[in-house]
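What follows is a short report on a single structure.
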Amino acid sequence: MTFHAYYRLVLRLLDFDFDRDTPAGATQNPGAGPWSPDDGGAFMRKILNGNETELTPFLVDHGAKYLLYHGWGDGLIGGEPTVGYYSGIVRDTFGGDEAAAQEQVRLFMVSGMGDCRDDFGAGSASEWDKLAPLIEWVENGTPPDSIVVRHTNDEGEMDNERILCPWPLQPTYNGPTGAGAGSDPDNWVAANFSCEPQQ
Numbered sequence: 001m002t003f004h005a006y007y008r009l010v011l012r013l014l015d016f017d018f019d020r021d022t023p024a025g026a027t028q029n030p031g032a033g034p035w036s037p038d039d040g041g042a043f044m045r046k047i048l049n050g051n052e053t054e055l056t057p058f059l060v061d062h063g064a065k066y067l068l069y070h071g072w073g074d075g076l077i078g079g080e081p082t083v084g085y086y087s088g089i090v091r092d093t094f095g096g097d098e099a100a101a102q103e104q105v106r107l108f109m110v111s112g113m114g115d116c117r118d119d120f121g122a123g124s125a126s127e128w129d130k131l132a133p134l135i136e137w138v139e140n141g142t143p144p145d146s147i148v149v150r151h152t153n154d155e156g157e158m159d160n161e162r163i164l165c166p167w168p169l170q171p172t173y174n175g176p177t178g179a180g181a182g183s184d185p186d187n188w189v190a191a192n193f194s195c196e197p198q199q
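Under the working numbering, the first residue of the sequence shown carries the number 1, and numbering increases by one thereafter.
Written as structure tokens, this is what we have:
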């Protein structure tokens, strides 16, 4: 499938609504099993229309942890709906208590990252471990206050390192100052960044 054919397909499905666009009873199946419930399509609606923000049974009752991330450079699905989804969780699950929400759910917005990639800019090779912070949070109770991301050059050497911050904080350079200090690649290390409130 060419990129343009894929793009047309995706654009056509951007406004897909399970209730409107699926024939009545399409997911009904009298057979047994979790993937074939005879529920008039309710099971698949929960999967495909996954925008529920009242997650008390998951986050509060079970003490689950929820780590979300989204790229600001995503040209297909903008970052604003994900920020809105996170805000909805804070509102509907935690009664607007941001501090309580941060104990269970964290959103990391990634500058320059496109759709479904660790791409922090055109042609970049970047890496960051999304699972290790979640494991540390679940197993040791330490929520991620930041996540280190690294960029490597064509030779595989790290040439840039930054941090991601939990929303609504943002990474701020606080390394060496002076003429050109912020533009010096030697200063592009995670230790020279901190998570600060947005200005």
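The beta carbon of each residue, even a glycine, is placed where N, CA and C say it ideally should be. Keep in mind the model is a prediction, meaning the values are calculated, not measured.
task = Go ahead and label Q199 buried or exposed: buried means 16 or more other beta carbons lie within 10 angstroms of its beta carbon, across all protein chains shown.
result = On the sequence shown, position 199 is the one that residue 199 refers to. Counting the other CB atoms within 10 Å of its CB gives Q199 a total below 16, which places it among the exposed residues.
query = With respect to the alpha helix (DSSP H) encompassing I135, which residues constitute its N-terminal and C-terminal limits?
reply = By 1-based counting over the sequence shown, the position of residue 135 is 135. Per DSSP, the unbroken alpha helix (DSSP H) holding I135 starts and ends at L131 to N140.
query = Which of the three DSSP states, helix, strand or coil, is assigned to V90?
reply = Translated into the one-based positions of the sequence shown, residue 90 becomes position 90. In the structure shown, V90 sits in a helix (DSSP, three-state: H, G or I).
query = Where do the N-terminal and C-terminal ends of the beta strand (DSSP E) with E196 fall, by residue?
reply = In the sequence shown, residue 196 corresponds to position 196, counting from 1. Here the beta strand (DSSP E) through E196 covers F193 to P197.
inquiry  = Can you look up V105 in the DSSP assignment and give me helix, strand or coil?
reply    = To locate residue 105, count along the sequence shown from 1; it is residue 105. Reduced to three states, the DSSP call for V105 is strand.
inquiry  = Pop quiz: G71 and G84 are said to be a contact at Cβ under 8 Å. What is the actual Cβ separation, rounded to whole angstroms?
reply    = To locate residue 71, count along the sequence shown from 1; it is residue 71. To locate residue 84, count along the sequence shown from 1; it is residue 84. That pair is no contact at about 16 Å.
ask   = If we ignore side chains and look at the alpha-carbon of each, how far apart do W128 and L67 end up?
value = As a working mapping, residue 128 is identified with position 128 in the sequence shown. As a working mapping, residue 67 is identified with position 67 in the sequence shown. If I take the Cα positions, the gap works out to 14 Å.
query = Three or more beta-carbon pairs under 8 Å between the stretch 84-99 and the stretch 132-149, yes or no?
reply = With a cut-off of 8 Å, the stretch 132-149 and the stretch 84-99 do not count as touching, because too few Cβ pairs lie within range.
request  = Sort out for me which residues DSSP pairs G71 with in a bridge.
outcome  = Looking up residue 71 in the sequence shown gives position 71. Per DSSP, the beta bridge partners of G71 are V110.
query = L59 to I77, Cα distance in whole Å?
reply = Counted from its first residue, the sequence shown places residue 59 at position 59. Counted from its first residue, the sequence shown places residue 77 at position 77. Rounded to whole angstroms, the separation of the alpha carbons of I77 and L59 is 25 Å.
request  = Enumerate in chain order the residues of its own chain whose CB-to-CB distance from A26 is below 6 Å, with the five nearest sequence positions on each side excluded.
outcome  = Translated into the one-based positions of the sequence shown, residue 26 becomes position 26. Low confidence applies here, because A26 scores a pLDDT of 49, under 50, leaving its location unreliable; read the following figure in that light. Nothing listed; no residue qualifies.
ask   = Opposite L169 in the DSSP bridges: which residues?
value = In the sequence shown, the residue the question calls residue 169 occupies position 169. Looking at the DSSP assignment, L169 forms a beta bridge with P197.
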